[in-house]
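Structure, as structure tokens:
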Ligand SMILES: Nc1ncnc2c1ncn2[C@@H]1O[C@H](COP(=O)(O)OP(=O)(O)O)[C@@H](O)[C@H]1O
Ligand SMILES: [Mg+2]
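Listed below in structure tokens is the structure:
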């Protein structure tokens with residue numbers, strides 16, 4: 003557990019970046035600090051590993067006052083990941099990852115073999131081990147940054163906008179892998195971002211800060227979306243928060259209708275309505291407009307773009323499947339991706355309304 | 008003239024010393040000696056100071072001051088120092104001339120070494136330095152394990168440019184009665200023996216280039232491949248490796264950084 007106890011940072015120029023912050027980051031969970039630029043997120047984070055010394059107040063790591071030991075010893079016990087990875091350009095990837103074990107006096111062979119394991123763990127090919135940072139893409143560098151922070155197996159990790167410098171597709175991937183990794187490792191993590199979507203996706207708890215370095219609200223993401231405490235939080239969380247909140251509501255068993263299907267290579271069916279095309283294992287491939295296709299069903303005839311809702315997923319996914327489907331019928335599949343049936347947006351809205359009625 | 012110069016250089020008698028004359032080999036040795044002393048002293052002064060200023064960010068005005076020293080006229084300073092220092096030494100020692108010469112050469116060598124070491128440390132990306140401290144390195148560890156290795160390309164370029172200047176300028180030792188390859192230039196000039204004079208110039212140039220080549224070799228095996236861009240696959244390289252070909256440019260960069 004990390005606990006900010008009236009932590010305050012006033013810079014020499016008089017800026018109060020963090021003002022009497024009271025916040026707890028529970029053990030084994032991801033606590034996200036989010037807020038507009040300049041609200042003191044980075045300052046708060048860096049006070050934990052004393053890259054910035056608090057002007058007043060105390061920060062506790064479990065029962066230890068972080069000010070009670072030399073800063074460099076404290077930092078070796080805390081994983082630290084920053085925006086531009088900050089890899090050492092003159093060291094190979096494997097030696098970058100082994101940085102903290104080397105500092106702790108671990109032998110070269112042991113430190114490197116542990117580093118190799120970690121590279122695999124963060125999804126990097128071991129072939130990267132002997133390369134230098136300049137040979138890696140931004141996303142790959144960031145993975146190495148995470149591996150380096152994990153190398154000495156610290157119970158606590160601090161992450162300052164680690165994914166915000168990579169393109170959206172890679173970011174999404176990194177976020178998913180980060181959640182998977184955290185599922186395995188269960189670290190106590192403080193994660194800083196200015197992106198509310200990222201905060202909601204990653205946080206077990208989300209702390210919203212306002213400029214001036216004060217805490218506006220701390221809550222689990224679903225609560226933040228459904229019950230923002232004031233207009234600042236409501237505004238920051240964003241306009242489509244109602245839609246995003248659906249992402250936290252499990253759909254339960256979706257009521258589906260049977261959906262007529264066709265297969266690739268078969269004759270184009272008669273009729274005017276769009277037909278769902280599946281492969282040999284009943285996996286949806288796309289929609290077919292019988293009016294515009296001739297002969298047999300070809301790949302090139304398919305209309306793609308509809309998302310699929312997985313049975314047991316969220317209401318958001320179900321609604322999105324309907325809205326994005328060319329036929330307006332949302333396709334529902336099982337865990338293996340096989341077709342179960344379809345439903346309409348109206349039916350999902352009924353589910354949403356039923357869900358919101360008090361039990 | 009070319010033929011005469013070639014003749015002078017290939018005359019074996021000019022290479023060996025006699026009771027009356029010092030040959031090329033011995034003057035070469037003397038020249039290397041003057042240069043080496045000055046470079047070692049300059050390195051011992053300039054490198055730690057430059058690294059320290061870059062690491063702490065303190066006393067950056069010193070970089071500006073040291074760079075201003077370059078503007079001093081070398082021969083003028085030498086003559087002045089000889090006038091002041093030489094009378095303090097009597098008898099058979101040549102210290103009265105050697106010390107002023109070395110001072111002048113050190114003054115010449117310190118600026119590129121110091122300002123490039125400073126610039127090298129300053130050029131380490133802030134995120135890299137931040138990560139180094141964040142991993143739990145002490146200030147000294149950051150300097151030794153991160154800043155120094157990353158500054159090496161610029162340090163080498165500063166040292167190589169200092170070496171070229173010192174070797175070329177060490178000819179002035181002969182101007183104040185000492186030996187070295189400058190002897191041939193000044194004697195050649197005085198005796199209107201132009202083949203000898205040109206040969207002296209050629210020998211100095213050859214020495215400077217050989218030493219630079221040697222240093223290039225040392226640099227190649229000292230600087231991390233992660234910095235030089237000499238990477239196995241023709242991979243993506245973001246950081247441009249700085250080397251001595253861009254020495255002038257990097258020194259300019261250094262003096263700008265000091266402003
Ligand atoms: N070294 C500093 N000196 C003076 N003011 C600073 C310094 N670092 C940050 N600040 C100010 O403190 C406030 C909080 O900064 P920061 O913690 O970096 O915010 P965030 O990470 O939320 O964008 C900002 O107003 C910023 O300008
Ligand atoms: Mg920040």
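Protein chains in written order, with my numbering: chain A, 3 to 361; chain B, 8 to 266.
Glycine included, every Cβ here is placed at the ideal spot set by N, Cα and C.
It should be emphasised that the depicted structure is a prediction, and the values quoted were computed from it without experimental measurement.
According to the neighbour-count rule (16 or more other Cβ atoms, all chains shown, within 10 Å of its Cβ), is residue 68 of chain B buried or exposed? Answer is exposed; the Cβ neighbour count stays below 16.
What in chain A is Cβ-close to residue 137 of chain B, meaning under 8 Å? Within 8 Å Cβ-Cβ: 53, 84 and 88.
Is residue 43 of chain A near ligand 2, with its Cβ less than 7 Å from a heavy atom? Yes - ligand 2 has a heavy atom lying nearer than 7 Å to the Cβ of residue 43 of chain A.
Interface flag, residue 361 of chain A vs chain B, CB-CB below 8 Å: Its pLDDT being 45, under 50, residue 361 of chain A is placed unreliably by the model, and nothing is read from it.
On the three-pair Cβ rule with 8 Å, is the segment 73-89 of chain A touching the segment 50-60 of chain A? By the C-beta criterion, the segment 73-89 of chain A is judged to be in contact with the segment 50-60 of chain A, since at least 3 inter-stretch pairs fall below 8 Å.
My understanding is that residue 73 of chain B touches residue 118 of chain B, with C-beta atoms under 8 Å, so please give their C-beta distance in whole angstroms. Rounded to the nearest angstrom, the Cβ distance from residue 73 of chain B to residue 118 of chain B is 5 Å, consistent with a contact under 8 Å.
Within the segment 232-310 of chain A, note down every full beta strand (DSSP E) run reaching 3 residues or more, in order along the chain. With a minimum length of 3 residues, the continuous beta strand (DSSP E) runs that stay inside the segment 232-310 of chain A are 263-265, 277-280 and 286-290.
Express the C-alpha separation of residue 356 of chain A and residue 140 of chain A in angstroms, rounding to a whole number. Each residue's alpha carbon lies about 45 Å from the other.
Relative to the C-alpha of residue 87 of chain A, which residue among A/44, A/156, A/25 and A/168 is closest? The residue with the shortest Cα to Cα distance from residue 87 of chain A is A/168.
Residues of chain C with CB under 8 Å from residue 231 of chain B, in chain order? Protein chains in the displayed structure are A and B, and chain C is not among them.
Report yes or no: is there a C-beta of chain B within less than 8 Å of the C-beta of residue 196 of chain A? Output row for residue 196 of chain A: interface = no.
Just the chain B side, please: which residues come within less than 8 Å of residue 102 of chain A by C-beta, in chain order? Within chain B, the residues near residue 102 of chain A are 142 and 143.
Name the DSSP beta bridge partners of residue 212 of chain B, please? Per DSSP, residue 212 of chain B has no beta bridge partner at all.
Where are the beta strand (DSSP E) runs, 3 residues long or more, that stay fully inside the segment 50-127 of chain A, in chain order? For secondary structure counted as the beta strand (DSSP E) over 3 or more consecutive residues, the segment 50-127 of chain A holds these complete runs in sequence order: 58-63 and 80-83.
Helix or strand or just coil, what does DSSP make of residue 9 of chain A? In the structure shown, the three-state DSSP call for residue 9 of chain A is strand.
Check this for me: beta carbons of residue 116 of chain A and residue 73 of chain A, under 8 Å apart or not? Result no, Cβ atoms of residue 116 of chain A and residue 73 of chain A do not sit closer than 8 Å.
Who are the near neighbours of residue 244 of chain B in its chain, counting only those whose CB is closer than 6 Å to its CB and skipping five residues on each side? Residue confidence for residue 244 of chain B is low, a pLDDT of 42 falling below 50, so the modelled location carries little weight; the figure read from the coordinates is stated next. Listed in chain order, the non-local C-beta contacts of residue 244 of chain B below 6 Å within the same chain comprise 236, local neighbours out to five positions each way being set aside.
List, from N- to C-terminal side, the beta strand (DSSP E) runs of 3 residues or more that fit wholly inside the segment 156-198 of chain A. 158-162 and 190-195, all fully within the segment 156-198 of chain A.
Rounded to whole angstroms, what's the CA-CA distance from residue 161 of chain B to residue 54 of chain B? Just pull it up for me. Straight-line measurement puts the Cα of residue 54 of chain B at about 11 Å from the Cα of residue 161 of chain B.
For residue 13 of chain B, the three-state DSSP class (helix, strand or coil): Assigned with DSSP and collapsed to three states, residue 13 of chain B falls in helix.
Residue 346 of chain A - DSSP class collapsed to helix/strand/coil: DSSP places residue 346 of chain A in strand when its eight states are reduced to three.
Count the other CB atoms within 10 Å of the CB of residue 8 of chain B; is the residue buried (16 or more) or exposed (fewer)? When all chains shown are included, residue 8 of chain B counts as exposed.
Going by C-alpha to C-alpha distance, which of A/24, A/23 and A/34 sits closest to residue 209 of chain A? Ranking A/24, A/23 and A/34 by Cα distance to residue 209 of chain A puts A/34 first.
Residues that DSSP places opposite residue 332 of chain A in a beta bridge: Beta-bridge analysis with DSSP links residue 332 of chain A to A/345.
Please name the residues in the segment 27-39 of chain B whose beta-carbon is closer than 7 Å to at least one beta-carbon of chain A, in chain order. So the list is empty, because no residue satisfies the distance condition.
Going by other Cβ atoms of all chains shown within 10 Å of its Cβ, with 16 needed for buried, is residue 130 of chain B buried or exposed? By the 10 Å Cβ count, residue 130 of chain B comes out buried.
Which residue or residues does DSSP assign as beta-bridge partners of residue 312 of chain A? Answer by DSSP bridge pairing, in chain order: A/335.
Answer yes or no: does any C-beta atom of chain A fall closer than 8 Å to that of residue 161 of chain B? Not one chain A Cβ lies under 8 Å of residue 161 of chain B.
Less than 8 Å between CB atoms is the rule here; does residue 151 of chain B satisfy it with respect to chain A? Under the Cβ criterion of 8 Å, residue 151 of chain B is not counted among the residues facing chain A.
Candidates A/243, A/43, A/22 and A/67: which alpha carbon is nearest residue 4 of chain A's? Ranked by Cα distance from residue 4 of chain A, the first of A/243, A/43, A/22 and A/67 is A/67.
Fully enclosed by the segment 41-76 of chain B, which alpha helix (DSSP H) runs are 4 residues long or longer? Unbroken alpha helix (DSSP H) runs of no fewer than 4 residues, entirely contained in the segment 41-76 of chain B, are found at 68-76, following chain order.
From A/7, A/37, A/336 and A/103, residue whose alpha carbon lies closest to that of residue 219 of chain A: Scanning A/7, A/37, A/336 and A/103 for the CA closest to the CA of residue 219 of chain A turns up A/37.
Per DSSP, what kind of secondary structure is residue 242 of chain B in: helix, strand or coil? Here the model assigns residue 242 of chain B a pLDDT of 46, short of 50, so the residue's position is not dependable, and the following value carries that caveat. DSSP places residue 242 of chain B in the coil class of the three-state scheme, outside both helix and strand.
When every heavy atom of ligand 2 is checked, does at least one fall within less than 7 Å of the C-beta of residue 300 of chain A? Between ligand 2 and the CB of residue 300 of chain A, the shortest heavy atom gap is not smaller than 7 Å.
Can you say whether residue 274 of chain A is buried or exposed, counting buried as having 16 or more other CB atoms within 10 angstroms of its CB? Classification for residue 274 of chain A: exposed.
Should residue 211 of chain B and residue 188 of chain B be called a contact, given that it needs their Cβ atoms to be closer than 8 Å? Between residue 211 of chain B and residue 188 of chain B, the C-beta gap is smaller than 8 Å, which places the two residues in contact.
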